[in-house]
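Throughout the sequence shown, residue numbering follows this note's numbering, covering 324 to 807 in sequence. Glycine residues also receive a C-beta, built at the ideal position from the N, C-alpha and C atoms. Below is one structure, written out as structure tokens, with a few remarks after it.
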Amino acid sequence: MDERQRIWNAVLGEIELNVSKAQFDTWIKDTYIVRMDKNEIIVCVPNTFTREWLSNKFHSLIVESVQNITGEIKTVSYEIEDRTVSRTKANHIVDLKSSVGRMSSNNEETEDADSADGEPESPFTDSQAQQSAEATQHQDSLFQAPTSSLNGAYTFENFIVGGSNELAHAAALNVAKEPGTRYNPLFVYGGVGLGKTHLIQAIGNQLSAQDYHICYVSSDTFISEFTKSVRQGNINQFKEKYRAADVLIIDDVQFIGGKEKTQEEVFNTFNELYSHNKQIILTSDRPPNAIQTLNDRLKSRFEGGMIADIVLPEFETRVAILKSKCEQKQFELPEAYLYPIAEHIKSNVRELEGALNQVIAQAQLLGNSVTEDMIKRIVAGSTTEKTRSLDGNTLIEVIVDHFRINKDDLFSKTRRQEIAYPRQLTMYLLREELEYTYPGIGKSLGGRDHTTVMHAHQKIKERLSKDYALEQDVTILRNKLYNS
């Protein structure tokens, strides 16, 4: 190890202690010293985007770390070297291809479908499926045109950037400029209505305009098309559709959790696209390691690129969003009237727009003048209505919808993990959020003994501080509960 490498490894070690893992892996890990003297270090970076990000966001930390390690160097500058990206990418693809080969040899037999999965057992061999597909060309309408689901209104120009989404926006811009290179896959996660779909469709729209073959699909549609293709013998046609994409975008990928056959197809499609430098973009309401029913090899694939979260927008961003929406709707509203909306509605962008739409409707359709009192009434109405409607039935519906399970199973005696875990969370949230008594919770969930409920509540409570995936589930469920 030469002196430059020794110094930079020490610098990286110090920087890593002061930034998040996502920030370090995305912006800093693949840098190195290309030249140095007694006064200056020149750091090699993969591209212009990284150089600008380091200069604007991390420069002072880098300089401080360099000075702490060397004790003498005063300045740090950045230089682009194109081979960094290709070298890193090539190594990653070689590793992936070898691992895919090993996995393929160990997975020749078709897995049995989970009884709760609802995915069909295919009666076709590959050749039989191909023959069936050729005999049923009239069923082509099953598969939509690749870009038909993109909404042209979602662009980077009308996406409001703030501290809550800055990293995700920066990564999305980079993917739109250099698809299939550094940030592949791009995994964006966050709560409902925070802008994930807007951001990933902005990537799709920008690349579609450059004649990239975009395939945008929700996980529900992917599951439905996969199931139909197996039943109707069109599996090869299904594979060709998704594997022909230059950019594959899957929205709400958490819903493939627990569906083993669908996960197998996503895994194989991922590998095929990745090995040909095609871009993969995914969204979820939680990070990969918090999707409990996602198999480990898919988690590994999803974590292999860039992971960026979008959180609740801060006050300034909420005001900026409202301003942008007013401009889009060509409705003038004094900034002072935007403040109470932004102050009281903190949940997500959809809620903000909903309140603004009420203001516009009262002004344009009813001819009312916009006043401070009107704003206050609308804001108060939207918040109190939600609080008033929250009850045990609402909570149970949120749980059932989130985990995609049957409500009757929640009340049944089954102890299967995919049911027992949501049931325990239901008990916990009924106690914590609605202050139900233990006997009351037991009665609400099929007549369970209050000691069973007490044990489940305590178990979740004790695990929360130690189990990140559990913490994510509780946070997401609370957000859905109060914003449903």
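Are there 16 or more other CB atoms within 10 angstroms of the CB of residue i, so buried, or fewer, so exposed?
| i | result |
| --- | --- |
| LYS648 | buried |
| ASN716 | exposed |
| LEU793 | buried |
| GLY628 | buried |
| GLY336 | exposed |
| LYS397 | exposed |
| PRO502 | buried |
| GLU312 | This structure leaves residue 312 out entirely; the chain is present only between 324 and 807. |
| HIS599 | exposed |
| GLY690 | exposed |
| LYS564 | buried |
| PHE726 | buried |
| ALA703 | exposed |
| ARG641 | buried |
| PHE638 | exposed |
| LEU340 | exposed |
| ARG329 | exposed |
| ILE624 | Reading off the sequence shown, one finds Arg at residue 624, where the question assumed Ile. Counting Cβ neighbours within 10 Å, ARG624 comes out buried, since at least 16 surround it. |
| GLY527 | buried |
| ASN802 | buried |
| GLY769 | exposed |
| ALA532 | exposed |
| ALA678 | buried |
| GLN560 | buried |
Kindly give me the distance between the Cβ atoms of residue i and residue j, rounded to whole angstroms, as I take these residues to be in contact under 8 Å.
| i | j | result |
| --- | --- | --- |
| PRO636 | GLY485 | 6 Å |
| PHE753 | ILE764 | Position check: residue 753 holds Leu in this sequence, whereas Phe was assumed. 5 Å between Cβ atoms; contact. |
| ILE351 | ILE338 | 6 Å |
| VAL570 | TYR535 | 6 Å |
| ILE722 | LEU757 | Contact doesn't hold; Cβ gap of about 13 Å is too wide. |
| ALA631 | LEU517 | Wrong, their Cβ atoms sit about 12 Å apart, outside the cutoff. |
| GLN524 | TYR506 | The pair is not a contact, with the Cβ atoms about 17 Å apart (cut-off 8 Å). |
| ILE728 | ILE483 | Not quite, the Cβ-Cβ distance comes to about 36 Å (not below 8 Å), so this is no contact. |
| ILE614 | ILE572 | Actually they do not touch by this definition, with Cβ atoms about 18 Å apart. |
Look up residue i in the DSSP assignment and say whether it is helix, strand or coil.
| i | result |
| --- | --- |
| ALA631 | strand |
| LYS789 | coil |
| PHE482 | coil |
| THR606 | strand |
| SER623 | helix |
| TYR506 | coil |
| GLY581 | coil |
| GLY690 | coil |
| ASP796 | helix |
| TYR759 | coil |
| HIS599 | coil |
| GLN460 | Its pLDDT being 42, under 50, GLN460 is placed unreliably in this model, and the value from its coordinates should be taken loosely. If DSSP states are grouped into helix, strand and coil, GLN460 belongs with the helices. |
| THR587 | Looking at the sequence itself, residue 587 is Glu, so the reference to Thr does not match. DSSP places GLU587 in helix when its eight states are reduced to three. |
| ILE353 | According to the sequence displayed, residue 353 carries Asp and not Ile. Residue state, collapsed to three classes: coil. |
| GLN681 | helix |
| ALA495 | helix |
| ALA613 | helix |
| ILE783 | helix |
| GLN740 | helix |
| LYS344 | helix |
| GLY556 | coil |
| GLU695 | helix |
| ASP325 | coil |
| GLY527 | helix |
| ARG410 | Confidence at ARG410 is low in this model, with a pLDDT of 39, below 50, so its placement is unreliable and the value that follows should be read with caution. Helix. |
| ARG746 | helix |
| ASP714 | coil |
| PHE654 | coil |
| PRO369 | coil |
| LYS669 | coil |
| LEU517 | coil |
| ASN618 | coil |
| SER472 | coil |
| SER378 | helix |
| GLY769 | coil |
In this structure, what does DSSP give as the bridge partners for residue i?
| i | result |
| --- | --- |
| ILE364 | MET359, VAL399 |
| TYR539 | ILE572 |
| TYR512 | SER607, ASP632 |
Would you say residue i lies against chain D (beta-carbon separation less than 8 Å)?
| i | result |
| --- | --- |
| THR760 | Absent from the structure: chain D. Only one protein chain is present. |
- Query: Do the stretch 542-550 and the stretch 503-516 meet, that is, are 3 or more Cβ pairs less than 8 Å apart?
  - Reply: no
- Item | the stretch 573-583 touching the stretch 595-611, judged by at least three CB pairs closer than 8 Å | yes
- Task: Take every Cβ of the stretch 638-657, pair it with every Cβ of the stretch 491-502, and state whether three or more of those distances are shorter than 8 Å.
- Result: no
- Check whether the stretch 666-684 touches the stretch 716-735, taking contact to mean three or more Cβ pairs, one atom from each stretch, closer than 8 Å. no
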